[in-house]
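A quick write-up on the structure given underneath.
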Amino acid sequence: MKTVLKTACAALLLAGAIGSAHAGDISLEHPWSRATPAGAPVGAGYVTLKNAGAAPDKLISATAPDVAGKVEVHQMTMDGGVMKMRPINGLEIPAGKSVELKPGGYHIMFMQLKKPLVAGETVKGTLSFEKAGAVPVEFKIEAIGAGAGGMPGHKGH
Amino acid sequence: MRTLTRLALILWSAAALAAVAFAGLFWFTSGGPPTPAIGGPFRLKSQTGEMIDSAALKGRPYAIFFGFTHCPEVCPTTMVDMAALMAKLGPAAKDFKIYFVSVDPERDTPEVLRNYLSSFEPHVVGLTGTPDEIAKVAKEFRVYYRKTPLDGGDYTMDHSAFVYLMGKDGGFRNVIGYQEKPDRALEKLKSLLEKG
Ligand SMILES: [Cu+2]
């Protein structure tokens, strides 16, 4: 089993999946966050969750104890021009599929921020999955305007 | 020259279409005929504690957005986008103000807004007030907002994410939607600055 894992790791590395972390069948690709305005109490993290396994897994919770007092998994929707955000009770990643946490959709919500998120730094934390368990993650903090659809902030990923 | 006129025509048709679609949205959400009147008088406290009276804004076009500081995405990115547009407009927008009205006045005091909006200076002015004052101005601007509880006594706000462009007479001119293409948003702002 260990060898299989190791082989899988090597394959991923060879495939150029630099900056990704994985545990078992779950891999995290391009975790990133956005710098926050001064004194902002909240921030968001985004990442692509890839499930290479034959069974579905579920993102249950997340932590980022260095920067956030509380972390939740949220879904944002725009409904007739109205922004709504709701905590979700587990995010399923179907077997062999990936789920993208991205602006305008799912995000990791950093709440009770202990300090501002500064571009160029990282947010260290863990994402916990039903099967894969706790997977360490490092969100790279990008510019404050990153990921806004209108502006050329978050490109080339 | 002819091409320019045609381009202007196309832009105008697009704007007209957008206006119709927008009015339709209100028809749809309010269940009644569209009301042309978006906007109305307001008197709210700025992030420096100064009272801002809409009557005193007459003669100058402005933009107004409703948001809150506990907002992870829509509010900061909208402010960043607007700041970028202001930079593109350069001197023409030197005195242009974007009012950021908090729909979460319980948490967004003038001090909180001052700190938060320092990241978007110099065009953005934060406005807050009593819950009643905010409810009144939101109603005038047909802005929807609602408190939604989160775990542990926390809460978030659902809210309309439009930037309204208001003319020098205080009347509604146009709207910039969330994630609208920067070129289109820029045209709308240029038109507002030129025509008032
Ligand atoms: Cu959220």
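Taken in order, these protein sequences are the chains called A and B. Using the working numbering, you'd call the opening residue of the first sequence number 284 and step up by one each time. Using the working numbering, you'd call the opening residue of the second sequence number 998 and step up by one each time. Quick reminder that beta carbons are idealized off the backbone N, C-alpha and C, glycines included.
Partner residues on chain A for residue i, Cβ-Cβ distance less than 9 Å
{"i": "glutamate 1118 (chain B)", "result": "Correct list: empty, because the minimum Cβ distance to chain A is about 10 Å."}
{"i": "aspartate 1148 (chain B)", "result": "Lys353, Glu355, Pro370"}
Boundaries (first-last residue) of the alpha helix (DSSP H) holding residue i
{"i": "leucine 1183 (chain B)", "result": "1179–1192"}
{"i": "threonine 1075 (chain B)", "result": "1071–1086"}
{"i": "tyrosine 1141 (chain B)", "result": "Looking at the DSSP string, tyrosine 1141 (chain B) is not in any alpha helix (DSSP H), and its letter there is neither H nor E."}
{"i": "arginine 1111 (chain B)", "result": "1107–1114"}
Paired residues, beta bridge with residue i - DSSP
{"i": "tyrosine 389 (chain A)", "result": "A:Gln358"}
{"i": "lysine 1060 (chain B)", "result": "It is worth fixing the name first, because residue 1060 (chain B) is alanine in this sequence and not lysine. Alanine 1060 (chain B) pairs with B:Ile1095, B:Leu1162."}
{"i": "serine 310 (chain A)", "result": "A:His305, A:Lys333"}
{"i": "lysine 414 (chain A)", "result": "For lysine 414 (chain A), which the question treats as bridged, DSSP gives no partner whatsoever."}
{"i": "histidine 1120 (chain B)", "result": "Answer by DSSP bridge pairing: none, since histidine 1120 (chain B) is not bridged."}
{"i": "serine 344 (chain A)", "result": "A:Ser411"}
{"i": "aspartate 1050 (chain B)", "result": "B:Arg1040"}
{"i": "isoleucine 317 (chain A)", "result": "The amino acid at residue 317 (chain A) is misidentified as isoleucine; the sequence shows arginine. According to DSSP, which records beta bridges pairwise, arginine 317 (chain A) is partnered with A:Glu425."}
{"i": "threonine 1125 (chain B)", "result": "B:Lys1042"}
{"i": "lysine 353 (chain A)", "result": "A:Met394"}
{"i": "glycine 326 (chain A)", "result": "A:Phe393"}
{"i": "valine 420 (chain A)", "result": "A:Gly408"}
Where the beta strand (DSSP E) through residue i begins and ends
{"i": "isoleucine 376 (chain A)", "result": "374–376"}
{"i": "isoleucine 1173 (chain B)", "result": "1169–1173"}
{"i": "glutamate 404 (chain A)", "result": "No beta strand (DSSP E) holds glutamate 404 (chain A); DSSP gives it neither H nor E."}
{"i": "glutamate 383 (chain A)", "result": "381–384"}
{"i": "histidine 1156 (chain B)", "result": "1152–1157"}
{"i": "proline 370 (chain A)", "result": "365–370"}
Interface partners of residue i on chain B, CB under 8 Å
{"i": "valine 365 (chain A)", "result": "Tyr1141, Asp1155, His1156, Ser1157, Ala1158"}
{"i": "proline 348 (chain A)", "result": "Result: empty, since nearest Cβ-Cβ is about 16 Å, beyond 8 Å."}
{"i": "proline 386 (chain A)", "result": "Glu1070, Thr1074"}
Per-residue contacts from residue i into chain B (C-beta, under 9 Å)
{"i": "histidine 390 (chain A)", "result": "Pro1069, Glu1070"}
{"i": "glycine 416 (chain A)", "result": "Correct list: empty, because the minimum Cβ distance to chain B is about 23 Å."}
Exposure label - residue i; buried when at least 16 CB within 10 Å
{"i": "isoleucine 371 (chain A)", "result": "exposed"}
{"i": "alanine 1182 (chain B)", "result": "buried"}
{"i": "glutamate 383 (chain A)", "result": "exposed"}
{"i": "valine 401 (chain A)", "result": "exposed"}
{"i": "aspartate 1241 (chain B)", "result": "As shown, chain B starts at 998 and ends at 1193. That puts residue 1241 (chain B) outside it, with no answer to give."}
{"i": "alanine 337 (chain A)", "result": "exposed"}
{"i": "arginine 1143 (chain B)", "result": "exposed"}
{"i": "isoleucine 1173 (chain B)", "result": "buried"}
{"i": "glutamate 1103 (chain B)", "result": "exposed"}
{"i": "methionine 1083 (chain B)", "result": "buried"}
{"i": "glutamate 355 (chain A)", "result": "buried"}
{"i": "methionine 1163 (chain B)", "result": "buried"}
{"i": "alanine 308 (chain A)", "result": "Residue 308 (chain A) is actually aspartate in this sequence, not alanine. With 16 or more other Cβ atoms within 10 Å, it is buried."}
{"i": "methionine 333 (chain A)", "result": "In the sequence as presented, methionine is not what sits at residue 333 (chain A); that position holds lysine. With 16 or more Cβ atoms within 10 Å of its Cβ, lysine 333 (chain A) is classed as buried."}
{"i": "aspartate 1101 (chain B)", "result": "buried"}
{"i": "proline 1107 (chain B)", "result": "buried"}
{"i": "lysine 1042 (chain B)", "result": "buried"}
{"i": "glycine 1126 (chain B)", "result": "buried"}
{"i": "alanine 1080 (chain B)", "result": "buried"}
{"i": "glutamine 1044 (chain B)", "result": "buried"}
{"i": "glutamine 1176 (chain B)", "result": "buried"}
{"i": "glycine 1168 (chain B)", "result": "exposed"}
{"i": "threonine 1066 (chain B)", "result": "buried"}
{"i": "lysine 380 (chain A)", "result": "exposed"}
{"i": "threonine 319 (chain A)", "result": "buried"}
Interface residues of chain B facing residue i [CB-CB closer than 7 Å]
{"i": "alanine 327 (chain A)", "result": "Pro1069, Glu1070"}
{"i": "alanine 351 (chain A)", "result": "Going along chain B, no residue has its Cβ under 7 Å from alanine 351 (chain A), so there is no contact; the nearest lies around 11 Å."}
{"i": "glycine 373 (chain A)", "result": "Within chain B, no residue comes near glycine 373 (chain A); the closest Cβ sits about 14 Å away, beyond 7 Å."}
Residues that residue i contacts on chain A, provided the C-beta gap is smaller than 8 Å
{"i": "asparagine 1112 (chain B)", "result": "Ala321, Gly322"}
{"i": "aspartate 1151 (chain B)", "result": "Lys353, Met394"}
{"i": "glycine 1174 (chain B)", "result": "Gly364"}
{"i": "alanine 1034 (chain B)", "result": "Going along chain A, no residue has its Cβ under 8 Å from alanine 1034 (chain B), so there is no contact; the nearest lies around 18 Å."}
{"i": "valine 1109 (chain B)", "result": "Gly322"}
Neighbour list for residue i in chain A, Cβ cutoff strictly below 7 Å
{"i": "threonine 1066 (chain B)", "result": "Ala323, Pro324"}
{"i": "serine 1115 (chain B)", "result": "Ala321"}
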